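Colleague: Okay, handing you the structure first.
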Amino acid sequence: MNVFIAGIITVSDKGSRGERKDESGAVIRDLLSGIGAQVSRYEIVPDERETISARLIEWADGAGIDLILTSGGTGLSPRDVTPEATLAVVERLAPGFSEAMRLESLKKTPMGMLSRGVSGIRGKTLIVNLPGSPKAVRECLEVILPTLPHAIETLRGEASECAAMEASGQPDADAQ
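Okay, here's the thing in structure tokens:
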């Protein structure tokens, strides 16, 4: 796997005003370094649908970013609009990522079902919404981390055939 380029968007009103330290973004950066991802963009934005969507479009369409991970804004409060902002810009859904993260969260707490995060594709960029708390970010990202390099290779058109992977004992993502 070649190195892939990632961007991190933390969605937080308080964080965007400098009133709260972004611990979740640091967790994401740390975990991505373990799979060889290079974080080229990082920003804290307010819980504003138009701002989030604009940044996702900008990074996916013009910054050469393979993976955008958002953190925050996925709950039930009126200001939590990250899923809607993401759905407004993705061209295809990739629900397995969000389903796997919710399943893992439910193993730890029934509150996991309150997460509304979505995952999808814009062009050749995978966009995944993560929760806002550092603990939940770590738990959720660790679940999908092993699949991200192959997902990026597939989006780039660089992935080997899944049947060859299955024969070698590696998981076949299309068989699911």
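Just so we're aligned: 150 in the working numbering is position 149 of the sequence shown, and the numbers increase by one with no gaps anywhere. Heads up, the beta-carbon is just placed ideally off N, CA and C, and yes, glycines get one too. Keep in mind the model is a prediction, meaning the values are calculated, not measured.
Could you check where the beta strand (DSSP E) with Glu159 kicks off and where it finishes?
Modeller: Taken as a continuous stretch (DSSP letters only), Glu159 belongs to no beta strand (DSSP E), as it is neither H nor E.
Colleague: Thinking Met114 and Ile145 are a contact (beta carbons under 8 angstroms), I'd like their distance in whole angstroms, please.
Modeller: Not quite, the Cβ-Cβ distance comes to about 18 angstroms (not below 8 angstroms), so this is no contact.
Colleague: Per the DSSP calculation, Ile69 is bridged to which residue(s)?
Modeller: Note: Ile69 sits in a beta bridge opposite Gly8 and Ile128.
Colleague: Would you kindly report the start and end of the unbroken alpha helix (DSSP H) that includes Glu44?
Modeller: Note, Glu44: premise wrong, no alpha helix (DSSP H); beta strand (DSSP E) at Ala38 to Val46.
Colleague: Using 8 angstroms as the threshold, is the C-beta distance between Asp67 and Val12 below it?
Modeller: Against a cut-off of 8 angstroms, the Cβ pair of Val12 and Asp67 comes out as no contact.
Colleague: Keeping to the same chain, check which residues put their C-beta closer than 8 angstroms to that of Gly26; ignore five residues upstream and five downstream.
Modeller: Result list for Gly26: Ile9, Thr11, Tyr43, Ile45 and Ser72, in chain order.
Colleague: If you draw a straight line from the C-alpha of Ala7 to the C-alpha of Ser120, how long is it?
Modeller: One C-alpha to the other measures close to 15 angstroms.
Colleague: Going by alpha carbons, who is nearest to Gly124 out of Lys108, Phe5, Gly63 and Gly16?
Modeller: It is Gly63 whose Cα lies nearest to the Cα of Gly124.
Colleague: Which term fits Leu127, buried or exposed, when burial requires 16 or more other beta carbons within 10 angstroms of its beta carbon?
Modeller: Buried is the call here.
Colleague: Nearest CA to the CA of Glu85: which residue from Ala61, Thr52 and Arg30?
Modeller: Among Ala61, Thr52 and Arg30, the Cα nearest to that of Glu85 is on Thr52.
Colleague: Residues in the same chain with beta-carbon distance under 8 angstroms from Ile153, minus the five sequence neighbours each way, listed in chain order, please.
Modeller: Correct list, in chain order: Met2, Phe5, Asp67, Leu68 and Leu127.
Colleague: What does the Cβ neighbour count give for Arg56, buried or exposed, with the cut at 16 atoms within 10 Å?
Modeller: Looking at its Cβ environment, which holds 16 or more other Cβ atoms inside 10 Å, Arg56 is buried.
Colleague: Among residues of its own chain, excluding the 5 on either side of Asp23, which ones have a beta-carbon nearer than 6 angstroms to its beta-carbon?
Modeller: Answer for Asp23: Thr11, Gly16 and Ile45, listed in chain order.
Colleague: Helix, strand or coil for Gly118 per DSSP?
Modeller: The answer is coil: DSSP assigns Gly118 none of H, G, I, E or B.
Colleague: Does the distance from the C-beta atom of Leu149 to that of Cys141 stay below 8 angstroms?
Modeller: Not closer than 8 angstroms, so no.
Colleague: In this structure, does DSSP put Arg123 in helix, strand or coil?
Modeller: DSSP places Arg123 in strand when its eight states are reduced to three.
Colleague: Where do the N-terminal and C-terminal ends of the alpha helix (DSSP H) with Val138 fall, by residue?
Modeller: It spans Pro135 to Ile145 - the alpha helix (DSSP H) in which Val138 sits, taken as one unbroken run.
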